[in-house]
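> The sequence shown begins at 0 in numbering that gives the first Met the number 0 and counts up by one.
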Amino acid sequence: MKSRLLDRQLQEIFGGEGEPQFRALIEQARAARQDVLADGMERLIGIVDSSYRAYAAMNLGAWHTKLSGDALADWNLRAGTVEAGRQWKQMLGYDDAEIDNSLTQWERMLHPEDLRLLQAEIEAHVQGQSPHFQAECRFKARDGQWRWFLLRGAVAAREADGKPVRMLVLQRDISEVKNAEAALISAKEAAEAANKARGAFLANMSHEIRTPMNGIIGMTDLALDTELDAEQRHYLKTVKSSAEALLTIVNDILDFSKIEAGKVEFEALAFSIQDTVLEAVRVLAVSAHKKGLELVADVRPEVPLRIVGDPTRLRQVIINLIGNAIKFTEHGEVVLDVAVDQETDQSVFLRFSIRDTGIGVPADKQRAIFEAFSQADVTTTRRFGGTGLGLAICARLVQLMDGKITLESTPGVGSVFSFTGRFGVEASAITQTQAFFAGSQYGGRRALVIDDNEKAGRYMVELLERLGIQSSFSVDGASAVAAIERSRAVDFPYDYVFADAGMAAPAGFALAEAWQKSGRVEKLLIMLTTENQRHDLTRLREIGVSAHLVKPVGGADLVDALGLAEGPDNSLQENFVLADIDLDNAPQGTDTPLNILLVEDNPVNQELAKRLLERQSHRVTLANNGVEAVDLFDTDHYDVILMDMQMPVMGGVEAAEAIRSREMRRSWVLSHEVKPVYIIAMTANVMASDHDRCMEAGMNDYVAKPLRPAELFAALGRSRGCVDIDQPTLLAAAPPSGTKRIDLAAAQRDIGDPELFATMAGMFLSEWDTHLGRIKSALDSVDGQALRMHAHTVKSLLAMFHAETARRLAMEIEQAAFAPDSVDWPACQRLHADLADEMAQVKPVLQQYVETRVIP
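1. When we look at the beta-carbon of T343 and count the other beta-carbons within 10 Å, is it buried (16 or more) or exposed?
2. Pick helix, strand or coil for T405, following the three-state DSSP scheme.
3. Helix, strand or coil for V576 per DSSP?
4. Does K139 come out as helix, strand or coil in the three-state DSSP assignment?
5. Grouping DSSP H, G and I as helix and E and B as strand, with all else coil, what is T225?
6. CA-CA distance, N623 and A181?
7. Could you check where the alpha helix (DSSP H) with N624 kicks off and where it finishes?
8. Are the beta-carbon atoms of L349 and V337 separated by less than 8 Å?
9. Based on Cα-Cα distance, which residue from E803, V295, E112, D142 lies nearest to E453?
10. Under the rule that 16 or more other beta-carbon atoms within 10 Å means buried, what is A798, buried or exposed?
11. Leaving aside the five residues before and after S286 along the sequence, list all residues of the same chain whose C-beta is less than 7 Å from its C-beta, in chain order.
12. Got a sec, what are the start and stop residues for the alpha helix (DSSP H) M502 sits in?
13. Taking Cβ positions, are I741 and F800 nearer each other than 8 Å?
14. Could you pull the start and end residues of the beta strand (DSSP E) that A546 belongs to?
15. Specify, as a first and last residue, the run of the beta strand (DSSP E) that I306 falls within.
16. Mind pulling the alpha helix (DSSP H) runs of 4 or more residues that sit fully within the region 740-785?
17. Between the region 394-409 and the region 272-288, do at least 3 Cβ pairs fall closer than 8 Å?
18. Assign D450 to one of two classes, buried (16 or more other C-beta atoms within 10 Å of its C-beta) or exposed (fewer than that).
19. Can you name, in chain order, every residue of its own chain whose Cβ lies under 6 Å from the Cβ of V316, other than the five neighbours on each side?
20. Compute the Euclidean distance between the alpha carbons of V480 and G357, then round it to the nearest angstrom.
21. Take the Cβ of F132 as the centre, count every other Cβ of all protein chains shown within 10 Å, and call the residue buried at 16 or more, exposed below.
22. Exposed or buried, D490, counting other C-beta atoms within 10 Å across all chains shown (16 or more means buried)?
23. Buried or exposed: which applies to D559, given that a residue is buried once 16 or more other Cβ atoms fall within 10 Å of its Cβ?
24. Just reading off the alpha helix (DSSP H) that N604 is part of, what are its end residues?
25. Just mark R52 as buried or exposed, buried being the case when its beta carbon has 16 or more other beta carbons within 10 Å.
26. Report all residues from its chain with a CB closer than 6 Å to the CB of G588; omit the five preceding and five following residues, and keep chain order.
27. Pull up the CB-CB distance for L612 and Y637, whole angstroms please, since I reckon it's below 8 Å.
28. Just the Cα atoms here: how many angstroms apart are A744 and T225?
29. With respect to the beta strand (DSSP E) encompassing K865, which residues constitute its N-terminal and C-terminal limits?
30. With DSSP as the reference, identify every bridge partner of N319, one or two as the case may be.
31. Need the endpoints of the alpha helix (DSSP H) that G554 sits in, please.
32. Beta carbon of C136: closer than 7 Å to some heavy atom of the ligand MG?
33. Please list, in chain order, all residues of the same chain as A809 whose beta carbon is under 7 Å from its beta carbon, the five residues on each side excluded.
34. Let's see if you can read the secondary structure: which residues bound the alpha helix (DSSP H) around M459?
35. According to DSSP, which residues form a beta bridge with I483?
36. Go ahead and pull the three-state DSSP assignment for R445.
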């Protein structure tokens, strides 16, 4: 009787009377000394209340304070029945009499997978691991459909031994919520699939279009080099410019699709911010100068010389923004400023500001232009062209650099695009001032800058003053000539005069021509633009001007030009001493010792080459990869560079091309002939194709690895012009396999010094397991590029010790990994196992030699 009464009361309360009535029932239970039941009901109030708050927080709808639409059941665990709250059957479409009220029947309606989950939740709660249990489960409705329910409950009564006997369970229908979730997930997956398909389509189409477009541009270039009449040349130039414009559009679309697909990866490389900025700006210098614009790139003195980040992506953003500025500017200048925005111990935020004097952007269009396929308005699209993707790409790339991009613009006055980026800082980082201008030899000297563009002229004055040179500026040729005359009249002439070649007489070339005739004591340096550089250089040589600079000017360019103007004795191109070389003890009959940059990533090869070179009294500087080599080349002078072909970060071919590019940059500021550095490739593959590849990259010579003293010194002799020394023989195939596993006698003959040979052997043994482990790791991670590089290193080391069978196995692995997309990985695994077995046979022989110094 009491049970039925309680059942009716519970149904009334959870049918809509609310919490006050429920609490009244709790008081009745306590008065009847049913404390366990009262405690259970109080806990249930908390569970139900938190359930409503959770669903409200999920914003799934306005939930009512009443519990209508829910079923609150009282489970009798001893009898295995549902004593109250049987409306759960109606929620599934059943009449009350259609199915019984047993817990067994209730479990039959539950999805088997969800039943296991629910049982685990209930067990954890019963064991005291959670204050209540909760699960989302599927129940089979009368119509055969599965409906989702949220189940929350708690033990309401236990026996003396702690075994639960009563449990209160809230059962809520959440099918509509689950259906909405499934629809959202399905829509999201469909959108992702569509986006992926779009990205793949764009990438494939971009590739398919770019290939013939490159052919069109290349063939047009070749045709333009032939004899053509004016009309034909005009037609072909139009074809080329149209093809280049189309290629730019395709490249923009490809970049945008990669960014949208999340496939853009950022590298973390140490690089020179000054070099990266100037390289980006110089790409666009010709187009700027053709329009009569000044282009200035100012890296502020406080900016670190070297930072860590992705120089390629940074260069891409700079080129895009400066290219836009040039496109929308008809007169005036485009100025790039790079400054420190904020610093931390581990990183630096740099601010890049691109200022122009162009058409500007209306205020109501400034936000829209950062969206894809958008420009300020349709008239600019017709007038200036473009995809409208450039700024959208920049904005995404800047986001990936942990920065933001902003715009300030006044129509008819100009715009300032600014972006920030976070970069790492090397532990021993120095600033631009410390790098270029510390300890300057020009302190106390005076200079006059003549330039009709105030921004460009003021920038030159600031560069000179960072060097300690007191500088004046004039925008007018006549007043500048008068200033020169006044300084000479008081016997206090300028030390240097920097004159813009493009100004009208009496400045510009008129000043340069009059200078040599009048015997001026000041040193004249002419500033040229890229547009007329080739013609102007010839004219400068004819009138005998000692030095020139090509705009845009960087700090290193200015230092080089001043050194040249001072004469060969002071030129920084020759500013190095061999203080640490004992010339008195140099071997008899040798030439002057050379300053050599050794670029090699393997410590064993490093030590061998370094020892051989230093015994000939050469000065040796080590670089571990191509990036370090390029940076060292920028800061010092070298007679010879020994360049390994395969290295991490940057290989020998790429490094040689970068060095030759920098030599071209130096030629912009030097009127006299400067001898290019002699680059000798070190390669383990001395085939005709490898020789051609070295020469195409701008190298002068090559030596085979493993290094042999006679061949190395012969190459150094050729660098001095000793042409009677034979070059190494090109191999048509690999040498034949020897009969021994390892021929230490032949290896020692190659190196020529037993002590040095023993050192090499010890170093190889110390890294033996590391080298094999790297190959195994590359195989396990299916990394074709790493596999090729590590196999190449092992092959080179084994060749040094004439371990021919093992060398051939390493070479087969290297060759198999040359096409990363089609590597036969099972075959490489087998080759690695054979290589490990063969090296296990070689290792004891090498160890015995190191311990006894006796060749078996």
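Ideal placement from N, C-alpha and C gives every residue a C-beta, glycine not left out.
This is what the structure holds:
1. Position 344 of the sequence shown, counted from the start, is the residue given in the question as residue 343. Of the other Cβ atoms in all chains shown, fewer than 16 fall within 10 Å of the Cβ of T343; this residue is therefore exposed.
2. Position 406 of the sequence shown holds residue 405. Strand at T405.
3. Position 577 of the sequence shown, counted from the first residue, corresponds to residue 576. Per-residue confidence for V576 stands at a pLDDT of 31, beneath the threshold of 50, marking its modelled position as unreliable; no derived number is given.
4. The sequence position of residue 139 within the sequence shown is 140, counting from 1. Of the three classes helix, strand and coil, the one that applies to K139 here is strand, per DSSP.
5. Within the sequence shown, numbered from 1, the residue matching residue 225 stands at position 226. In the structure shown, T225 sits in coil (DSSP, three-state: anything other than H, G, I, E or B).
6. Your numbering for residue 623 matches position 624 in the sequence shown. Your numbering for residue 181 matches position 182 in the sequence shown. Between N623 and A181, the C-alpha separation is close to 54 Å.
7. The residue given as residue 624 occupies position 625 in the sequence shown. Per DSSP, N624 belongs to no alpha helix (DSSP H) and is neither H nor E.
8. On the sequence shown, position 350 is the one that residue 349 refers to. On the sequence shown, position 338 is the one that residue 337 refers to. Yes, the Cβ-Cβ distance between L349 and V337 is below 8 Å.
9. Here residue 453 refers to the residue found at position 454 when the sequence shown is read from its first residue. Per the Cα distances, V295.
10. Locating residue 798 in the sequence shown gives position 799, where the first residue counts as 1. Residue environment for A798: buried (at least 16 other C-beta atoms within 10 angstroms of its C-beta).
11. Numbered from 1 along the sequence shown, position 287 holds the residue referred to as residue 286. Excluding sequence neighbours, S286 sits near I325.
12. In the sequence shown, the residue the question calls residue 502 occupies position 503. Looking at the DSSP string, M502 is not in any alpha helix (DSSP H), and its letter there is neither H nor E.
13. In the sequence shown, the residue the question calls residue 741 occupies position 742. In the sequence shown, the residue the question calls residue 800 occupies position 801. Result yes, Cβ atoms of I741 and F800 sit closer than 8 Å.
14. Here residue 546 is taken as the residue at index 547 of the sequence shown, counted from 1. Taken as a continuous stretch (DSSP letters only), the beta strand (DSSP E) holding A546 covers 546-549.
15. Residue 306 sits at position 307 when you count from the first residue of the sequence shown. I306 -> beta strand (DSSP E) spans 305-308.
16. 743-750, 753-765, 767-779, all fully within the region 740-785.
17. Remark: fewer than three beta-carbon pairs, one from each stretch, lie closer than 8 Å, so the region 394-409 and the region 272-288 are not flagged as touching.
18. Stepping through the sequence shown from its first residue, residue 450 is reached at position 451. Around the beta carbon of D450, 16 or more other beta carbons sit within 10 angstroms, so the residue counts as buried.
19. In the sequence shown, residue 316 corresponds to position 317, counting from 1. Within the same chain, V316 has close Cβ partners C393, L396.
20. The residue given as residue 480 occupies position 481 in the sequence shown. The residue given as residue 357 occupies position 358 in the sequence shown. Each residue's alpha carbon lies about 32 Å from the other.
21. Working through the sequence shown from its first residue, we reach residue 132 at position 133. Buried, by the Cβ-count rule.
22. Taking the first residue of the sequence shown as 1, we reach residue 490 at position 491. D490 sits exposed, since fewer than 16 C-beta atoms from the chains shown fall within 10 Å of its C-beta.
23. Numbered from 1 along the sequence shown, position 560 holds the residue referred to as residue 559. By the 10 Å Cβ count, D559 comes out buried.
24. Position 605 of the sequence shown, counted from the first residue, corresponds to residue 604. Counting along the chain, the alpha helix (DSSP H) containing N604 begins and ends at 602-613.
25. Against the sequence shown, residue 52 aligns to sequence position 53. Unreliable positioning characterises R52 in this predicted model, as indicated by a pLDDT of 44, which lies under 50. The coordinate reading is nonetheless provided below. Exposed: under 16 other Cβ atoms inside 10 Å.
26. In the sequence shown, residue 588 corresponds to position 589, counting from 1. Caution applies to G588, whose pLDDT of 39 falls short of 50 and renders its modelled position unreliable; the value that the coordinates give is listed next. So no residue of the chain qualifies.
27. Here residue 612 corresponds to residue number 613 of the sequence shown, with the count starting at 1. Here residue 637 corresponds to residue number 638 of the sequence shown, with the count starting at 1. With a Cβ gap of about 12 Å, L612 and Y637 do not count as contacting.
28. Locating residue 744 in the sequence shown gives position 745, counting from the first residue. Locating residue 225 in the sequence shown gives position 226, counting from the first residue. For A744 and T225, the distance between alpha carbons rounds to 59 Å.
29. The chain is shown from 0 up to 855; residue 865 falls before or after that span and cannot be answered.
30. Here residue 319 is taken as the residue at index 320 of the sequence shown, counted from 1. N319 is not bridged to any residue.
31. Mapped onto the sequence shown, residue 554 falls at position 555. Start and end: 554-565.
32. The ligand MG is not part of the structure shown, which contains no ligands of any sort.
33. Here the question's residue 809 lines up with position 810 in the sequence shown. These residues qualify, in order along the chain: A790, V793, K794, L797, L834.
34. Numbered from its first residue, the sequence shown carries residue 459 at position 460. Taken as a continuous stretch (DSSP letters only), the alpha helix (DSSP H) holding M459 covers 453-465.
35. By 1-based counting over the sequence shown, the position of residue 483 is 484. Beta-bridge pairing links I483 to no other residue.
36. For the purposes of this step, residue 445 is identified with residue 446 of the sequence shown, where counting begins at 1. R445 falls in the strand class under three-state DSSP.
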